[in-house]
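Chemist: Take this structure first; my questions come after.
Residue numbers (my numbering), protein chains in the order written: chain A, 14 to 550; chain B, 60 to 502.
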């Protein structure tokens, strides 16, 4: 069995090797008509740029790195030239920014001009990258059915393994994850071969060529599925974990991936019906008729209204009845990835009081930012101010939106939120950054039936619960006092209850009365209650 | 402001310190030779198994002790001068006290086996034991664990988790059958064997054989068999750790003798936790209780007494829990290995043979006396209430859903259980549905 597992790991690594290696082998050839089309679609007016680019990139075979560098260098040189003119022709100055240029200028050209083995063998490439990685993963995790021994909590060796204790393997994963997200968000031009690997799938689903977001969505679903298999084996004795994992996987595949793609196939806007504002921070962007939801007819209006109802009614009502877990660990995509790919890292979340303080400032800070940003967006809409018009201090609504998108949407939720799994645990974004989690947390704390009940005096302070709490809650500190756990950050994953060796913790939705009462006499000490009441006076 | 000194920073001593701080401004000092900071002894096994790191076993961060003005002294107390109220440490320093709490815990039993002090032979109790097991188990071809109690099965599980072959010698004819009823004891035998631990029942240790370097190389059993091994775990129970008290005027028997206020014969000196022995056993409890929960309760009680409200130690209804490899065990009230004269038993097992419930009740009055549960979590508070109100076994069974504490979506067995009772005792009980009102909203 051990050998089978190793074979699985190797097969999977080979898949990853093809996938990752293809980044370094991508080549391009830009024919004249493709070049002309690109110049037109990007609305590039600088003759300086067009002339030089024409000479250096058209009808030449070169690597993607070379092509990308040339475009950026020429863009910069063109701007220097244009800005040195006596009468600056502003429309000829290209908007260049490190985090945008590659994505907005370079990527579209690279995407359509890719040549070489991968673009010509997309199907085959899909099988030797995704196919092998998935197959190997399934074999490796599947073999754990035997390797782990009889069903039960088998966290053996987690703290001694380099992949899960911030050892060298964890560090490699960390660099890989962060690198991937940086490329995905800011330099998708380098991911063109990986993007092409899922091109046949995208064409089959929506009829459109695959984009970096399609690649991301497909990877997301594949990774979650493979790691869900791991959970189904690891927690096969625990119905809560089995059902929860199945449901969150369903919502990811159907609601976040298939339905939006099918909508696109029918020429409707891409829309994730389970993604609630303020996690879905751009719900209210561009309400305007041209290309926002309101410009999409009946269905666009329906989506907008649904989004508002989801946030204002469904979310708080569900949190009242079930706690925020109904979303965070049963429905949400971020939560879904955290509970599957991130599960091996859950013990790395920091449990100190200091990190709790940082967490509260950060997450509520992001919530305030999200509300402010959205407020500004609505203000510009209703006051009919264009988003590029200055509002105050030289700042426009567009500036605020893009900085939110950059700092929170990309850096925090993606690069840090997932990239940092191997060093800070699997809920970095959910714990420190997600504004929706902050909102639901407030409801959960002050008005909800959900709590984790502590079973009287049975706690032995062993610390398994705290260790495996991905949200860094010091569960033990409550359990050993016989106190129920009511914390705004709890996402109800249920793992504290699963790893408890004495059956002390139970997630449940009960009456709101006495939800957070301590029960000191239950610790087993038969003290005189009347005397105790007198004493407290 | 008096100076309260506590010897021992286990659960008893630390609970006492915390509660004294809650109730008073006394100066508090805790002395320990084992480790500077409190850690949960029960979690040592998880460190070895790689579920946790040692730091995770420490329930309080370092700032906690300073913030709560609890001074921590690392040192070994050599002797106690009860008349001058001072402690003499092994490094020669002295500590004066106004009140003294002895919370020194236990030490593993050694019964004079030949070879019991060889290298590779050890108990599993302290942080140092964990460290030496880490050392001893390197390149281990086989380990032998001697003694079929809770620590024995934990040690077997620990070694097994690192793929070390384990032979487990149990003197009794079935695992822990001095405590567990026969059916449940047998479930654990099966569990041990299913995990490929070589369980030898009715087998005891005769001697441990040394190699030429003074290291254990084999054990010989009472059946004359020699088992080669490089690690020998001695887990034949524990006894109070009171060596340094023997020369003082504090009265001892097996443990330090205390009255119902946990006071020793010397004024202002108290003993709590594993090292304390009650003059008169409380209820059906043993005079010495080496259990986590009782240590904690004693700590709470003694804190009140020291802070001016003398409180008797009344541990309430008995409860306990453990985990035997993958089988969780909880108990509320008394279920003896052998039913007593006035007792009747109801026993149920599921089809996998891994879940089991045994209920003990009074033959005549049908009063519920206690429950043992394997694989089904039960609500402490419910059973505490039923025991206090002396509920009948039938009431308990009918309302078993109120007491279920398994995670959501777990299979329920109440109907199966009650069907079995109805057929065993010719009754017509029906399962009542769960009521939040009964569970949480007491009058």
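Glycine included, every Cβ here is placed at the ideal spot set by N, Cα and C.
Assess, as a yes-or-no matter, whether the segment 360-376 of chain B is touched by the segment 108-120 of chain B under the definition of 3 or more beta carbon pairs within less than 8 Å.
Modeler: Cβ pair count under 8 Å is below three, so no.
Chemist: For the pair the segment 270-288 of chain A and the segment 210-221 of chain A, tell me if three or more CB-CB distances fall below 8 Å.
Modeler: In short, these stretches touch, since the Cβ pair count reaches three.
Chemist: Across which residues does DSSP place residue 111(A) in a beta bridge pair?
Modeler: As a working note, residue 111(A) is residue 98 in the first chain. Answer is none; residue 111(A) lacks a bridge partner.
Chemist: State the Cα-Cα distance for the pair residue 150(A) and residue 443(A), rounded to the nearest angstrom.
Modeler: Taking the first chain and counting its residues from 1, one reaches residue 150(A) at position 137. Taking the first chain and counting its residues from 1, one reaches residue 443(A) at position 430. If you take the alpha carbons of residue 150(A) and residue 443(A), they lie about 26 Å apart.
Chemist: Can you give me the C-alpha to C-alpha distance between residue 111(A) and residue 46(A), rounded to a whole angstrom?
Modeler: Here residue 111(A) is taken as the residue at index 98 of the first chain, counted from 1. Here residue 46(A) is taken as the residue at index 33 of the first chain, counted from 1. Whole-angstrom Cα-Cα distance: 27 Å.
Chemist: Mind listing, in chain order, the continuous alpha helix (DSSP H) runs of no fewer than 4 residues lying wholly within the segment 414-499 of chain B?
Modeler: Here the runs fully enclosed are 439-447, 452-457, 459-462, 473-484 and 495-499.
Chemist: Starting from the beta carbon of residue 101(B), find every residue of chain A whose beta carbon is closer than 8 Å, and list them in chain order.
Modeler: Translated into positions along the second chain, residue 101(B) becomes position 42. Simply 473, 474 and 475.
Chemist: Helix, strand or coil for residue 362(B) per DSSP?
Modeler: Here residue 362(B) refers to the residue found at position 303 of the second chain. Of the three classes helix, strand and coil, the one that applies to residue 362(B) here is helix, per DSSP.
Chemist: Just curious, the beta strand (DSSP E) that residue 188(B) is in, first and last residue?
Modeler: Here the question's residue 188(B) lines up with position 129 in the second chain. Not the beta strand (DSSP E): residue 188(B) falls in the alpha helix (DSSP H), residues 186-195.
Chemist: Which chain B residues sit within Cβ distance under 8 Å of residue 253(A)?
Modeler: As a position in the first chain, residue 253(A) is number 240, starting the count at 1. Here the neighbours are 466, 467, 468 and 469.
Chemist: Under a Cβ-count criterion, where at least 16 other Cβ atoms within 10 Å of its own Cβ denotes burial, should residue 391(B) be classed as buried or exposed?
Modeler: Translated into positions along the second chain, residue 391(B) becomes position 332. Flag for residue 391(B) reads buried.
Chemist: Quick one: which residues of the segment 219-231 of chain B get their C-beta closer than 7 Å to a C-beta of chain A? List them in chain order.
Modeler: Answer in chain order: 220.
Chemist: Run the CB neighbour count on residue 363(B), radius 10 Å, all protein chains shown included, and call it buried at 16 or more, exposed below.
Modeler: Position 304 of the second chain, counted from the start, is the residue given in the question as residue 363(B). That one is buried.
Chemist: Taking residue 145(A) and residue 36(A) to be in contact with their CB atoms under 8 Å, please state how far apart those CB atoms are, rounded to whole angstroms.
Modeler: If you number the first chain from 1, residue 145(A) lands on position 132. If you number the first chain from 1, residue 36(A) lands on position 23. Wrong, their Cβ atoms sit about 17 Å apart, outside the cutoff.
Chemist: Could you tell me whether any Cβ in chain A is nearer than 8 Å to the Cβ of residue 453(B)?
Modeler: Sequence index remark: in the second chain, residue 453(B) carries index 394 (1-based). No, residue 453(B) does not count as interfacial toward chain A.
Chemist: Mind listing which residues of the segment 374-388 of chain B have their C-beta closer than 8 Å to chain A's C-betas, in chain order?
Modeler: From the segment 374-388 of chain B, only 374, 375, 376, 378, 380, 381, 382, 384, 385 and 387 have a Cβ closer than 8 Å to chain A.
Chemist: Cβ of residue 519(A) less than 8 Å from any chain B Cβ?
Modeler: Residue numbering aside, residue 519(A) sits at position 506 when the first chain is read from its first letter. For residue 519(A), the answer is yes, since a Cβ of chain B falls inside 8 Å of its Cβ.
Chemist: Between the C-alpha atoms of residue 183(A) and residue 361(A), what's the straight-line distance to the nearest angstrom?
Modeler: Within the first chain, residue 183(A) is the residue found at index 170, counting from 1. Within the first chain, residue 361(A) is the residue found at index 348, counting from 1. Cα-Cα distance, rounded: 11 Å.
Chemist: DSSP has residue 266(B) in a bridge; who is on the other side?
Modeler: The count along the second chain starts at 1 and reaches residue 266(B) at position 207. 279(B), per the DSSP bridge assignment.
Chemist: Since residue 153(B) sits in a beta bridge, which residues does DSSP pair it with?
Modeler: One-based indexing of the second chain puts residue 153(B) at position 94. Answer by DSSP bridge pairing, in chain order: 147(B).
Chemist: Among the residues of its own chain, which have a CB less than 7 Å from the CB of residue 266(A), if the five just before and after it don't count?
Modeler: Position 253 of the first chain, counted from the start, is the residue given in the question as residue 266(A). Correct list, in chain order: 234.
Chemist: Hey, could you find the ends of the beta strand (DSSP E) residue 131(B) is sitting in?
Modeler: The residue you call residue 131(B) lines up with position 72 of the second chain. Residue 131(B) -> beta strand (DSSP E) spans 129-133.
Chemist: Can you tell which of 113(B), 228(B) and 182(B) has its C-alpha closest to the C-alpha of residue 97(B)?
Modeler: Translated into positions along the second chain, residue 97(B) becomes position 38. Nearest of 113(B), 228(B) and 182(B) to residue 97(B), Cα basis: 113(B).
Chemist: Identify, in the order they occur along the chain, each residue of the same chain with its Cβ nearer than 6 Å to the Cβ of residue 497(B), setting aside the five sequence neighbours on each side.
Modeler: Taking the second chain and counting its residues from 1, one reaches residue 497(B) at position 438. Here the set comprises 461.
Chemist: Would residue 515(A) count as contacting chain B if we go by Cβ distances under 8 Å?
Modeler: Position 502 of the first chain, counted from the start, is the residue given in the question as residue 515(A). True, the Cβ-Cβ gap to chain B drops below 8 Å.
Chemist: CA-CA distance, residue 240(B) and residue 386(B)?
Modeler: What you label residue 240(B) is simply residue 181 of the second chain in a count that begins at 1. What you label residue 386(B) is simply residue 327 of the second chain in a count that begins at 1. Cα to Cα, residue 240(B) sits roughly 15 Å from residue 386(B).
Chemist: Would you report the Cα separation of residue 248(B) and residue 173(A), rounded to the nearest angstrom?
Modeler: The residue you call residue 248(B) lines up with position 189 of the second chain. The residue you call residue 173(A) lines up with position 160 of the first chain. Their Cα atoms are separated by approximately 30 Å.
Chemist: Determine the DSSP secondary structure at residue 466(A), reduced to helix, strand or coil.
Modeler: Taking the first residue of the first chain as position 1, residue 466(A) is located at position 453. Residue 466(A) falls in the strand class under three-state DSSP.
Chemist: Measuring only the C-alpha atoms, how far is residue 343(A) from residue 438(B)?
Modeler: Counted from its first residue, the first chain places residue 343(A) at position 330. Counted from its first residue, the second chain places residue 438(B) at position 379. The straight-line gap from Cα to Cα measures roughly 26 Å.
Chemist: Put residue 412(A) into one of helix, strand or coil per three-state DSSP.
Modeler: For this step, residue 412(A) is matched to residue 399 along the first chain. In the structure shown, residue 412(A) sits in a helix (DSSP, three-state: H, G or I).
Chemist: Check the Cβ of residue 120(B) against every Cβ in chain A and list those closer than 8 Å, keeping chain order.
Modeler: Within the second chain, residue 120(B) is the residue found at index 61, counting from 1. Near residue 120(B) (Cβ distances below 8 Å), the residues of chain A are 365 and 366.
Chemist: Using 8 Å as the limit for Cβ to Cβ distance, is residue 453(A) near chain B?
Modeler: Here the question's residue 453(A) lines up with position 440 in the first chain. No, because no Cβ of chain B sits closer than 8 Å to the Cβ of residue 453(A).
Chemist: Keeping to the same chain, check which residues put their C-beta closer than 6 Å to that of residue 78(B); ignore five residues upstream and five downstream.
Modeler: In the second chain, residue 78(B) corresponds to position 19, counting from 1. Excluding positions up to five away in sequence, the list reads 359 and 362.
Chemist: Is the segment 308-328 of chain A in contact with the segment 468-487 of chain A, if contact means three or more CB pairs nearer than 8 Å?
Modeler: The segment 308-328 of chain A vs the segment 468-487 of chain A: no contact.
Chemist: Between the C-alpha atoms of residue 473(A) and residue 515(A), what's the straight-line distance to the nearest angstrom?
Modeler: To locate residue 473(A), count along the first chain from 1; it is residue 460. To locate residue 515(A), count along the first chain from 1; it is residue 502. Using only the alpha carbons, I get a separation of about 8 Å.
Chemist: Compare the C-beta of residue 373(A) with all C-beta atoms of chain B and state if any pair is closer than 8 Å.
Modeler: Here residue 373(A) refers to the residue found at position 360 of the first chain. No, residue 373(A) lies away from the interface with chain B (no Cβ there is under 8 Å from its Cβ).
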